[in-house]
Amino acid sequence: MQVMFMHSMSFVEGEGKEQVVYVGDKPQVIKMNKIQYVFIDFKGNGEATQHRVEQVPFNGSKQAFMEEFSGF
0 MQVMFMHSMS
10 FVEGEGKEQV
20 VYVGDKPQVI
30 KMNKIQYVFI
40 DFKGNGEATQ
50 HRVEQVPFNG
60 SKQAFMEEFS
70 GF
């Protein structure tokens with residue numbers, strides 16, 4: 000089994016790269032922030048076997064992240 004979670008301090012500002020996205024036919028450059036996710040793997044008996052932290056792109060501000068996070 001694998002469990003994934005984020006915490007209130009998961010937002011990582013300024014670590015992302017700029018990315019080109021298209022709105023209609025017009026390209027826009029946006030700066031992606033990141034969110035840290037924590038993954039924990041468990042054996043069938045419930046024993047934790049490993050953990051890792053991964054950062055994934057997030058197209059939003061810290062305020063947008065906190066609004067989304069508080070909805071959980």
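According to numbering that gives the first Met the number 0, the sequence shown is numbered sequentially starting from 0.
Glycine is no exception: its CB is placed at the ideal position from the N, C-alpha and C atoms.
- Distances from the alpha-carbon of residue 67 to those of 8, 47, 0 put 8 closest.
- Between residue 5 and residue 34, the C-beta spacing is below 9 Å.
- Pairing residue 60 with residue 69, the inter-Cα distance amounts to about 14 Å.
- By the neighbour-count definition (other C-beta atoms within 10 Å, threshold 16), residue 57 is a buried residue.
- By the criterion of a C-beta distance shorter than 6 Å, residue 50 is surrounded in its chain by 39, once the five residues flanking it on both sides are discounted.
- Within the same chain, Cβ atoms closer than 7 Å to the Cβ of residue 55 are found at 33, 34, 36, the five residues on either side in sequence being excluded.
- Taking 9 Å as the cut-off, the beta carbon of residue 25 is found no closer than this to the beta carbon of residue 17.
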